[in-house]
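Have a look at the structure below before the remarks.
Protein chains: 4
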Amino acid sequence: MDSTTPEIACFEAGIKFGSLYHQFAGTPVSPDSSASLERAIGESIENQPFCTAVDVEILDDKLEAALAAQSAEYTELTGRFMKVEITIDYEGATVVASMAMDGDYPRMKLDRVERP
Amino acid sequence: MDSTTPEIACFEAGIKFGSLYHQFAGTPVSPDSSASLERAIGESIENQPFCTAVDVEILDDKLEAALAAQSAEYTELTGRFMKVEITIDYEGATVVASMAMDGDYPRMKLDRVERP
Amino acid sequence: MDSTTPEIACFEAGIKFGSLYHQFAGTPVSPDSSASLERAIGESIENQPFCTAVDVEILDDKLEAALAAQSAEYTELTGRFMKVEITIDYEGATVVASMAMDGDYPRMKLDRVERP
Amino acid sequence: MDSTTPEIACFEAGIKFGSLYHQFAGTPVSPDSSASLERAIGESIENQPFCTAVDVEILDDKLEAALAAQSAEYTELTGRFMKVEITIDYEGATVVASMAMDGDYPRMKLDRVERP
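First to last, the sequence lines map onto chains A, B, C and D. Take the position in the first sequence, starting the count at 1, then add 22; the result is the number in the numbering used here. Take the position in the second sequence, starting the count at 1, then add 22; the result is the number in the numbering used here. Take the position in the third sequence, starting the count at 1, then add 22; the result is the number in the numbering used here. Take the position in the fourth sequence, starting the count at 1, then add 22; the result is the number in the numbering used here.
See the structure below:
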């Protein structure tokens with residue numbers, strides 16, 4: 023069957039999460055460079071269609087804990103070092119979705135779907 | 023409002039497309055290496071949850087045309103060199119989505135949503 | 023034979039260029055988001071060992087020309103949209119290397135090697 | 023001062039390592055998909071100039087140990103799951119370089135430089 027407007031909005035939200043994660047996972051990051059990376063990730067993904075807001079928080083306390091337990095002074099960005107919330111508006115449907123750790127897995131989930 | 027099962031399936035389909043594109047865009051590719059890349063992309067994304075099939079076709083004719091018009095003997099993978107179809111099964115909902123060029127833009131779209 | 027100190031410095035310079043390019047190629051970018059991306063790329067790669075300076079310039083005029091010729095309002099970062107200069111200091115050897123377009127190819131090259 | 027032929031060969035070797043790591047870090051991988059990913063990584067990077075051999079080994083035993091300790095059935099490719107050896111030939115200079123874990127850090131190093 024054909025997709026509905028809210029289903030397309032959810033699809034678009036998923037695209038943004040997958041893009042964000044796999045574009046930026048692996049980026050060298052430290053507490054000194056996390057602020058510029060947060061901003062660049064948000065502004066980059068906001069370029070994509072129907073994406074009205076991207077809020078990225080890199081978790082400096084988690085970064086510091088990781089650095090304290092290893093030899094190098096930076097690490098690679100991965101899901102356990104960030105929280106993300108993305109808002110999509112598509113033809114009157116609004117979707118808010120988020121990513122945060124669920125145990126050891128970076129879980130992406132739909133928080134709210136407002137149908138037109 | 024809460025999301026429905028088909029909306030979550032569509033969200034999951036979007037995640038896979040964003041992941042696939044932004045993980046592999048930029049990969050050095052030529053007609054000689056496209057077959058192994060196709061297979062690796064498909065098997066890699068099939069690891070992700072609820073993803074039952076990933077069919078990637080790298081378009082060797084488009085690659086060859088691009089190489090004929092430039093100096094280097096390889097190029098970087100981008101949307102105009104591939105077609106992708108992904109199937110998601112989530113709690114009885116099935117979503118089939120695809121990516122192909124729509125003019126000059128690599129369009130990801132929902133082709134079919136089967137609700138439980 | 024064993025590698026010399028300047029050879030190791032040149033190897034380190036190459037690592038930084040390959041990292042920078044393949045981490046960030048494919049990032050959605052527009053003239054509105056290029057400043058934050060420039061800064062994040064530079065600060066990110068400066069985290070890597072022996073890397074004393076990374077200067078990234080995203081070429082807004084090239085971005086604008088690309089956007090004027092296509093339907094979408096953003097594009098994907100690739101070599102033709104940036105110039106990069108990286109400085110490496112390794113045990114008294116200094117290497118300055120750069121990337122810029124050489125015809126249609128993003129050429130990475132050693133500009134200067136100062137031996138200890 | 024100008025760079026020497028072996029220094030350029032070392033720079034090229036570094037480019038390949040940085041490219042390989044940051045293109046493929048973050049790729050979803052499991053023991054079932056590691057063979058196709060190994061092959062695709064090798065063939066992809068061999069497209070780059072002066073690169074005569076890329077040998078990638080994804081360490082299935084390390085993958086299995088990681089999966090046994092977590093909830094998801096796949097993980098993201100990172101340095102601790104692979105060994106890599108790359109050979110560069112540039113104008114009569116041959117460089118062999120490798121990446122393997124050095125404690126908790128994926129160390130890239132020059133193993134051998136043969137000068138023309």
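By construction, the Cβ of each residue, glycine as well, lies at the ideal position given by its N, Cα and C atoms.
Sequence-distant partners of S56/D (beyond 5 residues in either direction) whose C-beta falls short of 7 Å from its own C-beta, in its chain, are I80, D82 and L85. If you check the CB distance, L99/C and A47/C come in under 8 Å.
In terms of CA proximity to E34/C, E68/C leads the group T97/C, G101/C, E68/C and G125/C. Exposed is the label assigned to P138/A, since fewer than 16 other Cβ atoms lie within 10 Å of its Cβ. T116/A carries a strand assignment under DSSP once its states are collapsed to helix, strand and coil. Residue environment analysis places G125/A among the exposed positions, since fewer than 16 neighbouring C-beta atoms fall within 10 angstroms of its C-beta.
Out of Q70/A, E113/A and P53/A, the CA that lies nearest to the CA of E136/A is found in E113/A.
In the three-state DSSP reduction, L59/C falls in the helix class (H, G or I). S120/B and L42/A have their C-alpha atoms some 19 Å from each other. If you check the CB distance, M130/B and R102/B do not come in under 8 Å.
Contact annotation: T74/C and I30/C have beta-carbon atoms that are not nearer than 8 Å. Per DSSP, the beta-bridge partners of A122/D are R129/D. Contact between E65/B and S58/D holds: CB atoms are separated by about 5 Å, below the 8 Å threshold.
Close to G125/D, with beta-carbon spacing below 8 Å, are these residues of chain A in chain order: S93. Taking a Cβ-Cβ threshold of 8 Å, the residues of chain D close to L132/C are S25, E29, I30 and F33, in chain order. Distance from the CA of A62/D to the CA of P53/B, rounded to the nearest whole angstrom, comes to 13 Å. At a cut-off of 3 residues, the continuous stretches assigned as beta strand (DSSP E) that sit fully inside the region 28-106 of chain A are 73-80.
Residue-level contact check: A119/D touches chain C, since one or more beta carbons of chain C fall below 8 Å from its beta carbon.
With 16 or more neighbouring CB atoms inside 10 Å of its own CB, Y96/B falls in the buried class. At least one beta carbon of chain B lies nearer than 8 Å to the beta carbon of V51/D. Of the candidates F72/D, Q92/D and A91/D, the residue whose Cα lies closest to the Cα of G36/D is F72/D. Per the coordinates, the alpha-carbon of P50/B lies some 42 Å from the alpha-carbon of D24/B.
In the structure shown, D24/C adopts coil according to DSSP, grouped into three states. Cα atoms of F39/B and G40/A: separation of roughly 7 Å, rounded to the nearest angstrom. In this structure, M104/B sits near V78/B, with a CB-CB distance shorter than 8 Å.
Taken atom to atom, the span from the alpha-carbon of H44/D to that of Q92/B is near 25 Å. For A115/B, the CB contacts under 8 Å within the same chain, skipping 5 residues up- and downstream, are T27, P28, I30, A31, V135, E136, R137 and P138 in chain order. Near chain B, meaning a CB-to-CB distance below 8 Å, the residues of the region 65-78 of chain D are E65, S66, I67, E68, N69, Q70 and P71.
The three-state secondary structure of R137/D, taken from DSSP, is coil. Think of a sphere of 8 Å around the beta carbon of L59/A: the chain C residues whose beta carbon falls inside it are A62, E65 and S66, in chain order.
Straight through space, the alpha carbons of A94/C and A87/B are spaced by roughly 23 Å. Contact annotation for T100/B against chain C: E98 [CB-CB distance below 7 Å, chain order].
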